[in-house]
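Asks: For what it's worth, my numbering labels the leading residue of the sequence shown as 63, then goes sequentially. Glycine residues also receive a C-beta, built at the ideal position from the N, C-alpha and C atoms. What you are looking at is a predicted structure, and each value in this text was computed from that prediction instead of being measured.
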Amino acid sequence: MNIGILGLGTVGGGVVNVLNKNQNEIARRSGASIQVTHAAVRDISQDRICPTDNLELTQDPFAVVNNTDIAIVLELMGGTGLAKELVEAALKNGKHVITANKALIATHGNELLALAKDNNVHLLFEAAVAGGIPILKSLEQGLSANKIEMLAGIINGTGNFILTEMRDKGRDFADVLKEAQALGYAEADPTFDVEGIDAAHKLAILASIAFGCELQFDKVSTEGISKIEGEDVVFATELGYSIKHLGIAKQTDGKIQMRVHPTLIPKTRLLANVDGVMNAVLVKGNAVGPTLYYGAGAGDEATASAVIADLVDIIKGTVSNDILGWQSFEAMPHQAVDDIESIFYLRLLASDKPGVLADITSILAEHNISVEAVIQKQIDAQNNAHIAIITNSVKTGEMNAAVDKIQKNDFIQETVKIIHVETLD
Ligand code: NAP
Ligand code: HSE
Numbered sequence: 063m064n065i066g067i068l069g070l071g072t073v074g075g076g077v078v079n080v081l082n083k084n085q086n087e088i089a090r091r092s093g094a095s096i097q098v099t100h101a102a103v104r105d106i107s108q109d110r111i112c113p114t115d116n117l118e119l120t121q122d123p124f125a126v127v128n129n130t131d132i133a134i135v136l137e138l139m140g141g142t143g144l145a146k147e148l149v150e151a152a153l154k155n156g157k158h159v160i161t162a163n164k165a166l167i168a169t170h171g172n173e174l175l176a177l178a179k180d181n182n183v184h185l186l187f188e189a190a191v192a193g194g195i196p197i198l199k200s201l202e203q204g205l206s207a208n209k210i211e212m213l214a215g216i217i218n219g220t221g222n223f224i225l226t227e228m229r230d231k232g233r234d235f236a237d238v239l240k241e242a243q244a245l246g247y248a249e250a251d252p253t254f255d256v257e258g259i260d261a262a263h264k265l266a267i268l269a270s271i272a273f274g275c276e277l278q279f280d281k282v283s284t285e286g287i288s289k290i291e292g293e294d295v296v297f298a299t300e301l302g303y304s305i306k307h308l309g310i311a312k313q314t315d316g317k318i319q320m321r322v323h324p325t326l327i328p329k330t331r332l333l334a335n336v337d338g339v340m341n342a343v344l345v346k347g348n349a350v351g352p353t354l355y356y357g358a359g360a361g362d363e364a365t366a367s368a369v370i371a372d373l374v375d376i377i378k379g380t381v382s383n384d385i386l387g388w389q390s391f392e393a394m395p396h397q398a399v400d401d402i403e404s405i406f407y408l409r410l411l412a413s414d415k416p417g418v419l420a421d422i423t424s425i426l427a428e429h430n431i432s433v434e435a436v437i438q439k440q441i442d443a444q445n446n447a448h449i450a451i452i453t454n455s456v457k458t459g460e461m462n463a464a465v466d467k468i469q470k471n472d473f474i475q476e477t478v479k480i481i482h483v484e485t486l487d
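1) Could you tell me which whole alpha helix (DSSP H) segments of length 4 or greater appear in the stretch 221-287?
2) Within 8 Å, do at least three Cβ pairs link the stretch 342-353 to the stretch 363-373?
3) Considering only the beta carbon of each residue, do Asn182 and Ala133 sit closer than 8 Å?
4) Please report the distance separating the alpha-carbon of Lys329 from that of Lys164.
5) Which one of Glu403, Val149, Asp466 and His448 has the shortest CA to CA distance from Ala311?
6) Since Ile287 contacts Pro324 with CB under 8 Å, what's their CB separation in whole angstroms?
7) Identify whether Val339 lies in helix, strand or coil by the three-state DSSP scheme.
8) Out of curiosity, what's the CA-to-CA distance linking Asn129 and His158?
9) Taking a cut-off of 6 Å, which residues have a beta-carbon closer than that to any heavy atom of the ligand HSE, in chain order?
10) Can you find a heavy atom of the ligand NAP that lies under 7 Å from the Cβ of Met139?
11) Below 7 Å, is the gap between the Cβ of Pro324 and the nearest heavy atom of the ligand NAP?
12) Can you check DSSP and say which residues form a bridge with Pro324?
13) Between Val78, Gly215 and Phe235, which lies nearest to Glu291 when the distance is taken from Cα to Cα?
14) With DSSP collapsed to three states, give me the class of Leu148.
15) At a cut-off of 7 Å, is Pro123 close to the ligand NAP when judged by its beta-carbon and the heavy atoms of the ligand?
16) Figure out for me which residue from Leu245, Thr458, Tyr407 and Val322 has the closest Cα to the Cα of Ala298.
17) For Leu332, count neighbouring C-beta atoms within 10 Å of its own C-beta (all shown protein chains included) and say buried if the count is 16 or more, exposed if not.
18) For Ala398, count the other beta carbons within 10 Å of its own beta carbon; 16 or more makes it buried, fewer makes it exposed. Which is it?
19) Would you call the stretch 170-186 and the stretch 201-219 touching, i.e. three or more CB-CB distances under 8 Å?
20) Give me whichever residues DSSP pairs with Arg409 in a beta bridge.
21) Taking only the alpha-carbon atoms, compute the straight-line gap between Ala427 and Asn454 and give it to the nearest angstrom.
22) Please report the distance separating the alpha-carbon of Gly193 from that of Asp421.
23) Which first and last residues belong to the beta strand (DSSP E) in which His158 is found?
24) What's the C-alpha gap between Ala248 and Asp230?
25) Note down the Cα distance separating Asn335 from Glu285, rounded to an integer number of angstroms.
26) Should Ala412 go down as buried or exposed, given a rule of 16 or more other Cβ atoms within 10 Å for buried?
27) Alpha carbon to alpha carbon, how far is Phe279 from Leu410? Give it in angstroms, no decimals.
28) Under the three-state reduction of DSSP, which class applies to Ile385: helix, strand or coil?
29) Could you tell me the distance, in whole angstroms, from the CA atom of Ala269 to the CA atom of Met320?
30) The ligand NAP heavy atoms versus the CB of Val149: any closer than 7 Å?
31) Could you tell me the boundaries of the beta strand (DSSP E) in which Pro352 lies?
32) With a threshold of 7 Å (Cβ to nearest heavy atom), would Asn82 be considered close to the ligand NAP?
33) Label Ile106 either buried or exposed according to how many other C-beta atoms from any shown protein chain fall within 10 Å of its C-beta, with 16 as the threshold for buried.
34) Go to Gly75, then tell me how far its alpha helix (DSSP H) extends in each direction, as first and last residue.
35) Using only alpha-carbon positions, find the residue among Thr423, Ile111, Gln444 and Ala443 that is nearest to Glu434.
36) Give me the Cβ distance between Ile437 and Glu300, rounded to the nearest whole Å; I'm assuming they're in contact under 8 Å.
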């Protein structure tokens, strides 16, 4: 079985190394001897993390997808331009394609899966979501008896690594990001990690498989980690929470919601204790109840593990995702953001005047929002009070309207910070 790889960087190099290291195991499980024969790279003279002696290297990726000796193409380059053209060409040439490229699947997956179906080949992408965790296979196979009610996950390793290092070691955001890039965790454009776009790509894929609907990346409400400040981390800790960047998808009354944002989680929850580059996804099925999947969310060999699992499935003929079934799925209606119910954390900087806290809580009360917990820090040198509030569960539209009203008061000294809280009950 000849394999061609597009891209021999972190993931591509990891795939070659794991295929070498676990040759016997993989041959036993797949029942075939797998040969990576060709690899396309941008710069042929560059040093690689894997041996290249048995590989024909080329700077022309079309030479790989048009090679008649190659049966399966691994797209491990990234991007949505050239990568899309190459995947299309490979599928049209009757080759199975495996990709780790969540951006490509989230934005062009519907048409690429249709193309795979038309050409009677597979397009698989286990490595696109949560690195080494076999979460797509778990949803498709292990949980196939369930209606999935919700899932919530830490699905970007770089973001979780940054938040953990900032919290535990007080390190600077930019410094930790540089380390994540050096370790091969970050995307080619790291704003995808930091601004939540990568997590949104992954959430769109998860929701599509969990709920059986089309990929609808444009419907994911997305917020990154860049606005989380040290003071939020301190307040959250005192209130009994950890701040994690979560992707959440829920299905209620025939409508789905997909959102990616920083979230306060009670410290006692397992997800609150998933640190560093590790990812975890909580999935609630209506038969099995809550289940949790944990593992490395990025990195060369962890991601290679998921790519090779797809390879073994194709070779054995045990592909789990029913691509033909997928194509009959339709777009599902979405819950309007204003209607999404959530508990909220508010952080306010207010002048230290009598009655300020009462004014804030009475505006909240006008919107039927009650205060579940409040902390007021000592007055600072500018005579301002630092206040954190946890509310009850309310509609997002109602919360935003109340915060707009609070913001208009002269005693408010900076933009009120709002972060979602999830109890994950
Ligand atoms: P990477 O280390 O930057 O590797 C990209 C590879 O693609 C490099 O070998 C590069 O060649 C090659 N390449 C880029 N443009 C090319 C072109 N025009 N022609 C030929 N080769 C080209 O990236 P990566 O981290 O492995 O990520 C690859 C994909 O996997 C991305 O879609 C990413 O989102 C996804 N992914 C990554 C991880 C992770 O932990 N890194 C985890 C899950 C999924 P040169 O080496 O010569 O520059
Ligand atoms: N940049 C991604 C992350 C790679 O940090 O999670 C794994 O998909």
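Replies: Concretely, from the data shown:
1) 235-244, 253-256 and 259-273
2) Contact fails: fewer than three Cβ-Cβ distances are below 8 Å.
3) no
4) 30 Å
5) Per the Cα distances, Glu403.
6) 6 Å
7) Correct three-state label for Val339: coil.
8) 13 Å
9) Gly193, Asn218, Gly219, Thr220, Tyr247, Ala248, Glu249, Asp255, Asp260, Gly359 and Ala360
10) yes
11) no
12) His307
13) It is Phe235.
14) helix
15) Yes, since a heavy atom of the ligand NAP falls inside the 7 Å radius drawn around the Cβ of Pro123.
16) Tyr407
17) exposed
18) exposed
19) Counting Cβ pairs under 8 Å, fewer than three are found: no touch.
20) Ala450 and Lys479
21) 11 Å
22) 47 Å
23) Per DSSP, His158 belongs to the beta strand (DSSP E) from His158 to Thr161.
24) So the two alpha carbons sit approximately 20 Å from each other.
25) 21 Å
26) buried
27) 33 Å
28) Any reading at Ile385 must be qualified, since the residue scores a pLDDT of 48, below 50, and its modelled position is unreliable; the value itself is stated next. Helix at Ile385.
29) 8 Å
30) no
31) Gly351 to Ala358
32) no
33) It counts as exposed.
34) In the DSSP assignment, Gly75 falls within the unbroken alpha helix (DSSP H) covering Thr72 to Lys83.
35) Thr423
36) 6 Å
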